[in-house]
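What follows is a single structure, written as structure tokens, with notes after it.
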Amino acid sequence: MNRKKANANKIKDKLLNTEINPKNYYYIDFVPITFPNEDYSELSEYLNKDFKPHFAKKIIFIAFTILYYYDSHVFLDDTDQKPLYPKLINKDLRRIGLDKLAKLIKK
Numbered sequence: 004m005n006r007k008k009a010n011a012n013k014i015k016d017k018l019l020n021t022e023i024n025p026k027n028y029y030y031i032d033f034v035p036i037t038f039p040n041e042d043y044s045e046l047s048e049y050l051n052k053d054f055k056p057h058f059a060k061k062i063i064f065i066a067f068t069i070l071y072y073y074d075s076h077v078f079l080d081d082t083d084q085k086p087l088y089p090k091l092i093n094k095d096l097r098r099i100g101l102d103k104l105a106k107l108i109k110k
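So that you can map any letter, position 93 of the sequence shown is 96 in my numbering, and since no number is skipped, the others follow by simple counting.
Written as structure tokens, this is what we have:
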């Protein structure tokens, strides 16, 4: 395990540790990698065309609100076999700028 990944995992573990943070609440989210239905590609095309842009705007609003309201960290994990941004995996994206972070979320 490299040092960046170890640091990212330490932060995630610390946030989830109720002994250290018994009264704090955290949002830790993930996107599933696989879908069990073989007809998913048809649904995926439809959703990407008609809903993804609107959904991305809402997620950006929620994510940015959380980022500025709470002490927070943002990471991409390494569970995807072909990550879109391999250089950003396990890097804290909190300080890369709102425009860059919004582009990542939209993608």
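Where a beta carbon is used, it is the ideal one built from N, C-alpha and C, also for glycine.
Distance check between Lys106 and each of Ser47, Pro56 and Lys15 places Pro56 closest, using alpha-carbon atoms only. Scanning Lys52, Ile108, Ala59 and Asp42 for the CA closest to the CA of Leu79 turns up Ile108. A distance below 6 angstroms between beta-carbons, with the five flanking residues on each side excluded, links Ala11 to the following residues of its chain, in chain order: Phe78 and Asn93.
DSSP places Ile69 within a helical segment (H, G or I) once states are collapsed to three. Rounded to whole angstroms, the separation of the alpha carbons of Leu87 and Asp95 is 16 angstroms. Our two residues, Leu104 and Lys61, have alpha carbons roughly 14 angstroms apart in a direct line. Taking the Cβ atoms as the reference, Leu101 lies roughly 7 angstroms from Phe67, within the contact range of under 8 angstroms. The C-alpha of Lys15 is placed about 19 angstroms away from the C-alpha of Ile99.
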